[in-house]
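Down below is the structure, laid out as structure tokens.
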Amino acid sequence: MIDLVIVGAGPAGLCAAIAAAENGLKVCILDEFIQPGGRLLGQLHQEPNGYWWNGIEEAHKLHKKAVQLGVDIHLGVSVYDLQKAEKGWFVYSSDKIFESMCLLLATGASETPIPVPGWTLPGVMSIGAAQVMSNVHRVKPGEKCVVIGVNVLSLAITRELQLCGVEIEGILLPHPNLVSGESADPERVMQSLLRLSHLAPSPFIRFGGKWVTPKLAVQFFPKKGFKMWGIPIQVRSRVLSILGEKQVEAVRIANVTPSGDSIPGTEKEISVDFVCIAGGLTPLSELAAIAGCPFQFFAELGGYIPLHNEYMQTDVQGLYVAGNITGIESAKVAMAQGKVAGLTISKDLKALKDITKIEDAVKNVVVTRRNAMIQFHPGIEKARTELYNEFSRSRGKMISI
Amino acid sequence: MKSMRITHHPVLGKLEEKREVKFTFDGKPFSAYEGETIAAALLAHGVRTLRIHEEKKSPRGIYCNIGHCFECRVRVDGKSVVRSCITPVTDGMSVESGMLNVSASMKGVKP
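In the order they appear, the protein sequences are chains A and B.
According to my numbering, the first sequence holds residues 4 to 404 in order.
According to my numbering, the second sequence holds residues 49 to 159 in order.
See below:
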């Protein structure tokens, strides 16, 4: 029998596989996509020291290492059901039923869509879709684009689209509705933007330095937006609708007041051939629900989180989680968590050679989180502590098989 | 139609040359790089509409591009509900837009 089946060949899944295989476990990874690497594949950003974080290269390195260690990777395989067996798990996939002692869910995240009138037109896609299309498939999604949704993910990916030669008309707010929520509120968006000043120091210092509070910043926000990497960021304009007959031809926009009301008479059309919707990320956790894992809601972590501890154990025996399914964070955190999961599983299956490695790996997750250049939410660390406390209250510190 | 392929990228470098395969979309011949997805191959040729909505009859294309949303579903070699964004093109593949009788078949009506 397989010792460990991992669902998801992203940064968390691959690092868990490496750690487990290094301790002699028989590991198998299943992933729907055509290439291993998950969302790491699309990532491309420059770190403060000038080094380009190239997700494709990082994914290749992890993949190569996993294969060298004998990890069996099945691509293009979808997992649609899980059943607890007497000892271990049955994993139902589009290929066959896999049987394993332990199961790690490293399914990552999905993007939250923001419905906008006209959003079903061909040429409208999620910002992550545009990232995969341009950086992984190397196909330009269009020539000229507007991005709906001002957040850390949209800023980072818009920059990547610009590197591919896409002309960016601007990043604008969405229309307020039940789904867009705070992302349509200029002040809330400004507040989160000012936290990102380390990503592009000079424009933010020029801009944010003048108006220290989000409220003032929104009030005096320049009409044309301010530019970061030459991309106009507008928190005082919103997209009302997307226009086109058979595909995207334009967007209709309007200016908004600091409190987020559209200003009548300011509506105008901008011609673009594609639109990206950036609604943020939420943990992709259906399989954990199927497995019977309890959940708790943490806004800071991106939604409903399967209860787990810092060792990546869940409340269900033999079920583990790592990566963005445990909360939205950077790929580096996912990698560090994957390692913890791989070591914990090795320990639980009595295969771990050096027990001190687990605590080191857990510490490394905390350090990696603190050093992360892109913090998706300021309250992540606090939310994590709360989550782990909740877990210990319900189950005690470690579960053994 | 000009190619949408990003042949030169300032950080990722030059696009690697790959073996070409042939496929058809609604009967028209297209080429793809071996191993790339149906959705990427069609977009590289400027094709954005992958199906017509079964009830609203509106054109639909790629939305999430990683297999979550099923907006890009097509028929491949007669098989329906194939996600074009995670399915690689193979030589001689026949891809058809949409699945026009889905509502009929879902209601149990013979298409």
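Note that CB positions come from ideal geometry on N, CA and C, so glycine has one too.
How many Å lie between residue i and residue j at the Cα?
i: G382/A; j: E303/A; result: 6 Å
i: M193/A; j: D351/A; result: 46 Å
i: C31/A; j: H66/A; result: 13 Å
i: E114/A; j: P286/A; result: 9 Å
i: L175/A; j: P235/A; result: 9 Å
i: E103/B; j: G146/B; result: 11 Å
i: E50/A; j: L60/B; result: 16 Å
i: T359/A; j: V127/A; result: 49 Å
i: P2/A; j: S51/B; result: In the structure as shown, chain A starts at 4 and stops at 404, and residue 2/A therefore has no counterpart that could be examined.
i: L90/B; j: R96/B; result: 7 Å
i: E89/A; j: M104/A; result: 10 Å
i: L7/A; j: L197/A; result: 43 Å
i: L98/B; j: L246/A; result: 19 Å
i: A339/A; j: G152/A; result: 29 Å
i: I21/A; j: E172/A; result: 43 Å
i: L199/A; j: A132/A; result: 23 Å
i: Y314/A; j: E252/A; result: 50 Å
i: A159/A; j: G11/A; result: 23 Å
i: I5/A; j: I273/A; result: 55 Å
i: Q378/A; j: S333/A; result: 7 Å
i: V369/A; j: A15/A; result: 15 Å
i: G109/B; j: L28/A; result: 42 Å
i: R123/B; j: S132/B; result: 9 Å
i: S403/A; j: T347/A; result: Its pLDDT being 47, under 50, S403/A is placed unreliably by the model, and the measurement read from it follows with that caveat. Spanning the two alpha carbons is a distance of roughly 10 Å.
i: M376/A; j: C120/B; result: 34 Å
i: G282/A; j: I361/A; result: 35 Å
i: E435/A; j: H57/B; result: Here chain A has residues from 4 to 404 only, and residue 435/A is not among them.
List the residues that DSSP assigns as beta-bridge partners of residue i.
i: S274/A; result: A253/A
i: Q316/A; result: Y323/A
i: M231/A; result: I234/A
i: Y83/A; result: DSSP, once it has assigned bridges, lists no residue as partnering Y83/A.
i: D188/A; result: According to DSSP, which records beta bridges pairwise, D188/A is partnered with nothing at all.
i: V30/A; result: L7/A
i: Y111/B; result: Answer is none; Y111/B lacks a bridge partner.
i: V405/A; result: Not covered by the structure: residue 405/A. The range shown for chain A is 4 to 404.
i: E102/A; result: F93/A
i: S79/B; result: K70/B
i: S87/B; result: Rather than Ser, the amino acid found at residue 87/B in this sequence is Ala. DSSP lists no partner for A87/B.
i: D75/A; result: C31/A
i: F301/A; result: G306/A
i: N367/A; result: DSSP lists no partner for N367/A.
i: M141/B; result: F71/B
CB-CB under 8 Å to residue i, same chain, minus the five flanking residues each way: which ones, in chain order?
i: K385/A; result: E303
i: K226/A; result: R239 and N258
i: Q86/A; result: W92, F93 and Y95
i: C117/B; result: Y111
i: I293/A; result: D84 and L85
i: W56/A; result: Q46, L47, H48, Q49 and E50
i: N138/A; result: L44, G45, Q46, L47, G58, I59, E163 and C167
i: A112/A; result: R42, L284, T285, P286, L287, G305, N327, I328 and I331
Going along the chain, which residues of its own chain have a beta-carbon closer than 6 Å to the beta-carbon of residue i, five neighbours each way excluded?
i: S244/A; result: P120, G121 and R255
i: M141/B; result: F71
i: R162/A; result: W232
i: S288/A; result: P309 and I328
i: K269/A; result: It is Thr, not Lys, that sits at residue 269/A in the sequence shown. A257 and N258, listed in sequence order.
i: L17/A; result: L65 and A69
i: G126/B; result: none
i: K342/A; result: C18, A22 and A364
i: N52/A; result: none
i: L108/A; result: V10, L290, A291, V324 and I328
Tell me which same chain residues have a C-beta within less than 7 Å of the C-beta of residue i, skipping the five on either side of it?
i: D139/B; result: V69 and K70
i: K356/A; result: N26
i: S183/A; result: I117 and P177
i: G168/A; result: K143
i: V157/B; result: No answer about V157/B holds up, because its pLDDT of 48 lies below 50 and its placement is not dependable.
i: G73/A; result: A24
i: E61/A; result: L43
i: D74/B; result: E144 and S145
With a cut-off of 8 Å on the beta carbons, I'd call residue i and residue j a contact; round off their distance for me.
i: H140/A; j: A80/B; result: The Cβ separation is near 11 Å, so there is no contact.
i: E35/A; j: I134/B; result: 6 Å
i: G263/A; j: P217/A; result: About 13 Å separates the two Cβ atoms, so there is no contact after all.
i: G326/A; j: A337/A; result: 4 Å
i: I37/A; j: S129/A; result: The pair is not a contact, with the Cβ atoms about 18 Å apart (cut-off 8 Å).
i: D318/A; j: G145/A; result: Not quite, the Cβ-Cβ distance comes to about 45 Å (not below 8 Å), so this is no contact.
i: I331/A; j: L290/A; result: Between L290/A and I331/A the Cβ distance is about 17 Å, and since that is not below 8 Å, they are no contact.
Cβ-based contacts, 7 Å cut-off: residues of the stretch 105-122 of chain A near chain B: Near chain B, meaning a CB-to-CB distance below 7 Å, the residues of the stretch 105-122 of chain A are S113 and E114.
Residues of the stretch 127-142 of chain B whose Cβ lies closer than 7 Å to any Cβ of chain A, in chain order: Against chain A - using a Cβ distance shorter than 7 Å - the residues of the stretch 127-142 of chain B are I134 and P136.
Within 8 Å of chain B by C-beta, residues of the stretch 47-59 of chain A in sequence order: Here the close residues are L47, W55, N57 and I59.
Residues from the stretch 167-194 of chain A in contact with chain B, defined by Cβ distance under 8 Å: Those would be C167 and G168, in chain order.
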